[in-house]
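**Q** Line order of the protein sequences matches chains C and X. Under this note's numbering, the residue at position 271 of the first sequence is numbered 271, and the numbers go up by one with no gaps. Under this note's numbering, the residue at position 226 of the second sequence is numbered 507, and the numbers go up by one with no gaps. Positions of the beta carbon are idealized from the N, C-alpha and C atoms, including for glycine. Predicted, not measured: the structure shown is a model, and the values here were computed from it. This structure is in C-alpha cells; I'll ask about it shortly.
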Amino acid sequence: MQLAFQASGFFCIAVLGGILLMLLWNSIAFFTDVPLFFFLSGTVWQPENQQYGILSLLVSTLLVTIGAMAMAIPIGIGTALYLAEYALPVLRNWLKPAVEMLAAIPSVVIGFIGIVVINPAIMAIAKTSNGLNALNGSVLLATMALPTIITVAEDAIRAVPQAFREASYGLGASKWATLQKIVVPAAYPGMIAAIMLGIGRAIGETMTVLMATGNAIAFPKGMLSSVRTITANIAIEMGEVPFFSTHYYGLFATALVLFIISFAVNFAAEKVTAHIRKFQI
Amino acid sequence: MNAITPFVAVDVQSWSLFFGTRRILHQITLQIPAKQVTALIGPSGCGKSTLLRSFNRMHEINAEAHYEGKIYIEQKDIFQWEVTTLRRQVGMIFQKPVPFPKSIFDNIAYGLKINGCPPSEIKGRVEEALQKSYLFNEVKDKLHEPATRLSGGQQQRLCIARTIALQPRIILMDEPCSALDPISTAKIEELIGELAQQYTIVLVTHNMQQAIRIADYTAFMYLGELIEANNTAELFQNPQQELTRNYVQGNFG
C-alpha cells in the first residue's frame, strides 16, 4: 500500500518535471533562432514577419491581471472579513455557499457575459466604440478570482483562535481594534495564500480573456485598449502553427515566461508567509 | 463575610446569568475585598469561571447570555462603565497563556497603544511591566523576538505583564496555572502574592491546595450557587455548610 502511494507521488512529480522539461527544451530550440534579448525587448509579435517580441503580450497579461486584482483583493478581503466577523450565522450559511457557487460557473459562460453585458456597459460608460478590452477582461477575471479569495481568506480569518480575540477584548480593545491589530495580522498567511491563488487563477485563465479582451496584439495604452494576453495568444495560434517551426517553439517560450511569473509569485508568497509564521505558534 | 471586610472592590448583588433559557448562575451575592487574593473554588461546571467572566462583561461576546441582578466594580454598576474602560480597569488572565503572534515587546505595547498611551512612554512602561512580572531579566535581550518562543510559564507571565502595564485595579485570573508545570506554577503563585499588595486579585482555581497557599479569601460554589465564602483558613478548617465540608475534605469534586 505504501508503495502505491509512493508510486503515485513519484508519478505526479515526474509529470510536472516532464512538463517543465518540455517547456525548457522547446524554448531553448526557440532561443537558438531568436536571441533572448529581442524576444524580451520586442513589442511586435508578428510570426509571419519573423518578429517575436513578447513585450506587448506580457504587458497585456500583467495589465489585465493587476486590474483584476485591484478589484478582487479589496472586495474579496472585505467580503471575507464581513462573513467571518460581522455576518449573522443565518446570513453566512446562505452567503458562503452562494459565493462558492460562483466558482462553478464555466469560464466560457463568464466570457459570454463579458461580451453581452460588460461590453455594452463599458461602451456606454466610457463612451468608446469597443468594450472588448483590458478593463472588460479585468472585471471578469476579478469575478472569477473572487470565490477563491473569499473562501480561503474567510477560512483563514475564522481559524484565528477565539482566545486571541478574548485576550484582546480583555485588554480593553474594541472589536475594530481587535480585528485590525490582532485578527487580520494573525490571518495574514492565509490571506496572502488566498490572494496568490486568486492571482494564479487570473494569470492562467485563457477562455475568458480570449473572448472578452479584443485580442489585438498591440502595446496597450491603458485599461481601455484591446489587448491579447499570453494565454489567449497561445490558444489562438497553437492550432494553426506548423509543428517544429520557430513560431511553434516561440509559443513555448511565451508559456515559459508565464510559468516563471507564476513561480515567482508563489515563491514570493512562500517567503512572506514564512516570515510571518515565525511569530505564530 | 465574617472577617473584617476592607474596602470592597467587587460587589455582587443577586447576580443570575442565563445562556438562552439555561440558568448558569443563581442569585449570587458576594463581596470581594480590595488588594487581597480571593479564590473561587468548586467542582467543574459550578460556574466559577462564568462568574469571573461576568466581572469584565466578557459574556457580551455571546449573544445568548443575559443577566439579572447587579455587579458593582468600585461602587459603579458594571453596565454604567464604558466596556473598554471596564476591561482595562479589570484585567484578565486566561487558562492557557495567549501570547499574540507578535514580538514580546509588541505584546505589551499593543494594549498600551490601543488605550492611548503616548508613544514616548511606551518603552518605559513595557519595561516596567516586565520588571513587575519578574520577566525582564529573562527576556531583556530578546524583546523583539516572537513571544511564542517563550516557555509556557514565561508566556503566562508575559500575559500578566501585558495586563498590569495598563495599571488595572483588579486582575481576574481564570485557572492561570492549569496549563503549566509545577515550577512555573510556583513562580506564578509567588508573583500573585506580590501583585496582591497593589491589585485586587480574583483567582478561579480547581486546585484547593493553591487556594490554601495563596488566597486570603475563598468562595465555594456549587451548581451555579455560592455556598459559602470566608477567609481561607476559616473556610477550609471550619466550614459552616455540609456541602463545603464534603468538598474541602475531597469527598466529591
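(1) Check whether chain C comes within 8 Å of A284/X, counting only Cβ atoms and requiring the distance to be less than that.
(2) Using a Cβ-Cβ distance under 8 Å, would M454/X count as near chain C?
(3) Can you tell me where the beta strand (DSSP E) holding F299/X begins and where it ends?
(4) So, are the CB atoms of L141/C and E205/C less than 8 Å apart?
(5) Measuring only the C-alpha atoms, how far is N518/X from L439/X?
(6) May I ask you to verify whether the segment 405 to 412 of chain X touches the segment 292 to 309 of chain X, counting CB pairs closer than 8 Å and requiring at least 3?
(7) Among the candidates I322/X, L298/X, F288/X, whose CA atom is the shortest distance from the CA of T486/X?
(8) Which residue wins for smallest C-alpha separation from L524/X, given the options H347/X, E426/X, P324/X, T310/X?
(9) In chain C, which residues lie with their C-beta within 9 Å of the C-beta of I395/X?
(10) I'd like the list of long-range same chain contacts for I508/X, defined as Cβ closer than 7 Å, with 5 residues on each side in sequence excluded.
(11) What does the alpha-carbon distance come out to for the pair Q479/X and I452/X?
(12) Are the Cβ atoms of G284/C and T208/C separated by less than 8 Å?
(13) Helix or strand or just coil, what does DSSP make of V34/C?
(14) Hey, does F360/X have any beta-carbon neighbour from chain C nearer than 8 Å?
(15) Just verifying my parser: in three-state terms, what is the DSSP assignment at E471/X?
(16) Give the straight-line distance between the Cα atoms of I374/X and F533/X, rounded to the nearest whole angstrom.
(17) Identify whether H425/X lies in helix, strand or coil by the three-state DSSP scheme.
(18) Locate the beta strand (DSSP E) running through K221/C, then write down its first and last residues.
(19) Looking at chain X, is there any beta carbon in it that lies within less than 8 Å of the beta carbon of K127/C?
(20) Closer than 8 Å between beta carbons: that is the criterion. Which residues of the segment 431 to 454 of chain X meet it against chain C?
(21) Would R201/C pass as a contact of V183/C if the rule is Cβ separation under 8 Å?
(22) A194/C versus chain X: which residues are under 9 Å apart at the beta carbon?
(23) Would a check of beta-carbon distances place T310/X closer than 8 Å to chain C?
(24) Taking Cβ positions only, does P220/C come closer than 8 Å to chain X?
(25) Who does E509/X pair with in a DSSP beta bridge?
(26) Check F314/X in the structure and name its three-state DSSP category.
(27) Measuring CB to CB, does D292/X end up less than 8 Å from Q317/X?
(28) Quick one: give me the first and last residue of the alpha helix (DSSP H) that D387/X is part of.
(29) So within the segment 242 to 273 of chain C, which uninterrupted beta strand (DSSP E) runs reach at least 3 residues, ignoring any that extend past its ends?
(30) Compare the C-alpha of Y249/C against each of A84/C, T65/C, P35/C and name the closest.
(31) Between the Cα of P433/X and the Cα atoms of N511/X, S414/X, E456/X, L461/X, which residue gives the shortest distance?
(32) Based on DSSP bridge pairs, tell me the residues matched to Y353/X.
(33) Please check the pair A134/C and S225/C, which I expect to be a contact at CB under 8 Å, by giving their CB distance rounded to whole angstroms.
(34) Just list the residues that DSSP pairs V371/X with in beta bridges.
(35) In terms of residues, what are the limits of the alpha helix (DSSP H) holding V99/C?
(36) With DSSP as the reference, label G17/C as helix, strand or coil.
**A** Taking the geometry as given:
(1) A caution first: A284/X carries a pLDDT of 46, below 50, which makes its placement in the model too unreliable to give a value.
(2) no
(3) 289 to 300
(4) A contact, by the Cβ cut-off of 8 Å.
(5) Note on residue identity: the sequence assigns Gln, not Asn, to residue 518/X. Going by the C-alpha atoms only, they are around 35 Å apart.
(6) no
(7) I322/X
(8) P324/X
(9) S168, L171, G172, A173, S174, A177, T178, K181, listed in chain order.
(10) F501, M502, Q522, L524, T525
(11) 10 Å
(12) Any answer about residue 284/C is impossible in this case: the structure gives chain C only from 1 up to 281.
(13) coil
(14) Not one chain C Cβ lies under 8 Å of F360/X.
(15) For E471/X, the three-state secondary structure derived from DSSP is helix.
(16) 27 Å
(17) coil
(18) Here K221/C belongs to no beta strand (DSSP E), and DSSP marks it neither H nor E.
(19) no
(20) C440, R443, T444, L447
(21) Using a Cβ distance threshold of 8 Å, R201/C and V183/C do not count as a contacting pair.
(22) Simply none; closest approach about 18 Å.
(23) no
(24) With 8 Å as the cut-off, P220/C does not count as an interface residue toward chain X.
(25) F501/X
(26) The displayed chain sequence assigns Pro, not Phe, to residue 314/X. P314/X falls in the strand class under three-state DSSP.
(27) No. Outside cutoff.
(28) 385 to 395
(29) none
(30) P35/C
(31) First, the residue type needs correcting, since residue 433/X is Gly and not Pro in the sequence shown. Comparing Cα-Cα distances from G433/X to each of N511/X, S414/X, E456/X, L461/X, the minimum goes to L461/X.
(32) DSSP, once it has assigned bridges, lists D292/X, D358/X as partnering Y353/X.
(33) 6 Å
(34) I451/X
(35) 89 to 102
(36) helix
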